[in-house]
Amino acid sequence: MISYVLIVIGAVLVNNFVLTRFLGICPFLGVSKKLGTALGMCGAVIFVMTAASAVTWALQHKILNPLGLGYMQTIAFILVIASFVQLVDIAMKKSAPKLHGALGIFLPLITTNCAVMGVAVLNVQLKYSFIKAVVFGFAASLGFALALIIFTGLREKIDRANPPRAFQGVAIALVTAGLLSLAFMGFATLVK
Amino acid sequence: MDINNILITSGAIGGVGLTCGTALALAAKFLAVKEDPRVEAMDEILPGANCGGCGFAGCADYAKAVVLDGAAINLCAPGGNEVLELIAEAMGQEASAEEKRVAVVMCAGDSEKAPRKHLYNGVADCTAAAAVAGGDKLCKYGCLGYGSCARVCPSGAIEFKNGVAIVHPDLCISCSACVRACPRNLIKMVPVSKTIHVVCSSKDKGPIVKKACQVGCIGCRMCLKLAGDAFEMEGFLALRNYDIPVENELIVEKCPGKCIVKCGASEAPSPEATEPTPSEPSTEPAEATTEGQT
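First to last, the sequence lines map onto chains A and B. Using my numbering, you'd call the opening residue of the first sequence number 1068 and step up by one each time. Using my numbering, you'd call the opening residue of the second sequence number 462 and step up by one each time.
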């Protein structure tokens, strides 16, 4: 049980996907202008990363490993994640139109989110069991959500604070992201 | 390298790809959501500005509401009459045109006419400025001039002249974004053909208004006497009743508060227009505390 808690704390705080591993930077900078859209993106990422962990784990351990095709991992994962996201998009449109209305526009964006790919590859590298892989995927996406929400809050405030002209827009956003990342370094020794 | 390796690899990856592809194709077929082709056609007709002026989340949402839920067809302000006619044709309804409405800022107290009571040095945003000691303008109803409305305007129709917002009616697309943005609720949507406005929103009594602004409504009821039902009183503030035309335009000159202005249909209600007789010197000099930061 304690190992699951450690996985969660490790993925959310210590090795935060965005701020420590630098994965998923594109949506981190792209959809962090408004809290509403950021929350939508977080919901979609949590869902996709958790599910993608399960799917890619099965792919790795049931298809690639028995055939000795570990080196095709990247291509196979891209293939499966992209189709999986599309499939979820179609299925959600049919069965949960409300949810699709809220998350729909973010699902295609996630196809190109490297955090999803990162969690799939890390699951294999860290030799997690199926359940641990799913927990890790969920925790990693929570970490992504945490970083994105904090960053969005900061950006909304900074936009109002009227930074000097040279820093306005992306420049101050990158500076903020760097400081936020430094702040998360403070968690580095939390879990050994 | 063994040829078998290549075959196994291509077979496995190809197989995975094929499975995914088939799954997607099947899903697309069996889970397809039937979308009304009329919704798509309606989406094509609408301007796609997604301004939200119709009250729906965007053009696609409005298209859906018109076709499926029978929403009113005359809500798209940016599209104007052309779009209205196209929608009416598509829906087989009579086009009942609603006159275009444009935003008008109901305040003309610029930095010369309405003094500021303190120096505000914070975030250049009206909501933020209004939160600090009730705003830095002496008039607690007036335009703060920090541009919150101009920043949300999708068509750049709002200009700041001397620290007061002015909407250019010909650029206004009637989306009401500025109406929602103004922390003092100064902006109203009025029919574009109406040219006479009461550009004051102060509900205070006459003497207080006079102290705070040179172009404020002092509640003297002169407009009601001269133009009858075209104006109505709300407490100490005259309001224009846009349903009734102003017959006696003399009121523009006679208004003791100089807050009734007439402006052409394509002309913004500028503070200059508030003084039809510029030769008349202003009796109350503006107070010296007008170094507002806008």
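Using N, Cα and C, we set each Cβ at its ideal position, and we do this for glycine too.
- When beta bridges are read from the DSSP output, E693 (chain B) appears opposite B:L700.
- Annotated as distal: I1157 (chain A) and L647 (chain B), with beta-carbon spacing of 9 Å or more.
- Rounded to the nearest whole angstrom, the CA to CA distance from I679 (chain B) to L687 (chain B) is 16 Å.
- Rounded to whole angstroms, the Cβ separation of A551 (chain B) and A502 (chain B) is 6 Å, and the two are in contact under 8 Å.
- Taking A1255 (chain A) as reference, the option from A:V1081, A:L1073, A:F1144, A:A1206 with the minimal CA-CA separation is A:V1081.
- If you look at K525 (chain B), you'll find it in the alpha helix (DSSP H) that goes 520 to 530.
- Note on the region 615 to 679 of chain B: whole alpha helix (DSSP H) runs with a minimum of 4 residues are 638 to 642, 667 to 673, in chain order.
- Bridge pairing for A589 (chain B): absent [DSSP].
- Look at K723 (chain B) here: in three-state DSSP terms it is strand.
- Taking 9 Å as the threshold, the shortest C-beta distance from I1157 (chain A) to chain B falls below it.
- Residues of chain A whose Cβ lies closer than 7 Å to the Cβ of T470 (chain B) are, in chain order, L1136, M1139.
- Check the Cα spacing between G617 (chain B) and each of B:N623, B:Y607, B:V628, B:C537: the tightest is with B:V628.
- Of the other Cβ atoms in all chains shown, 16 or more fall within 10 Å of the Cβ of C604 (chain B); this residue is therefore buried.
- Beta bridge pairing from DSSP links V566 (chain B) with B:I648.
- When the five nearest sequence neighbours on each side are left out, the beta carbons in the same chain lying within less than 7 Å of the beta carbon of I1217 (chain A) are those of L1247, in order along the chain.
- K1194 (chain A) sits exposed, since fewer than 16 C-beta atoms from the chains shown fall within 10 Å of its C-beta.
- The three-state reading of DSSP puts R1222 (chain A) in helix, counting H, G and I together.
- The beta-carbon separation of V563 (chain B) and S635 (chain B), rounded to 6 Å, stays under the 8 Å limit for a contact.
- A residue is called buried when at least 16 other Cβ atoms come within 10 angstroms of its Cβ; C515 (chain B) meets this threshold and is buried.
- At a cut-off of 3 residues, not a single continuous stretch assigned as beta strand (DSSP E) sits fully inside the region 1072 to 1131 of chain A.
- With a cut-off of 8 Å on Cβ pairs, the region 1198 to 1215 of chain A is in contact with the region 1083 to 1102 of chain A, counting three or more such pairs.
- Among the bridge pairs identified by DSSP, R577 (chain B) is matched with B:K598.
- Remark: C-beta atoms of A1121 (chain A) and A1214 (chain A) do not approach each other more closely than 9 Å.
- At least one CB atom of chain A sits nearer than 9 Å to the CB of I474 (chain B).
- Scanning the region 1176 to 1224 of chain A from its first residue to its last, the whole alpha helix (DSSP H) runs of 4-plus residues come out as 1181 to 1192.
- Burial check for T1141 (chain A): the Cβ neighbour count within 10 Å stays below 16, so the residue is exposed.
- Looking at the backbone, the Cα of F491 (chain B) and that of L1154 (chain A) are separated by about 12 Å.
- Within the region 476 to 495 of chain B, the residues whose Cβ lies closer than 9 Å to any Cβ of chain A are, in chain order, G476, V477, G478, T480, C481, G482, A484, L485, A488, A489, F491, L492, A493, V494.
- The C-beta distance from V494 (chain B) to K1161 (chain A) rounds to 6 Å, short enough to meet the 8 Å contact threshold.
- Apart from the 5 residues on each side of it in sequence, V1237 (chain A) sits with its Cβ closer than 8 Å to the Cβ of L1096 in its chain, given in chain order.
- Contact between C661 (chain B) and G718 (chain B) holds: their C-beta atoms lie close to 7 Å from each other, under 8 Å.
- With the rule of 3 Cβ pairs closer than 8 Å, the region 1107 to 1115 of chain A does not count as touching the region 1131 to 1146 of chain A.
- Proximity of the region 523 to 541 of chain B to the region 575 to 589 of chain B falls short of the contact definition, fewer than three beta-carbon pairs being nearer than 8 Å.
- For Q1235 (chain A), there is no enclosing alpha helix (DSSP H), as DSSP marks it with neither H nor E.
- Put simply, of A:D1226, A:V1186, A:F1251 the residue whose alpha carbon is nearest the alpha carbon of I1239 (chain A) is A:D1226.
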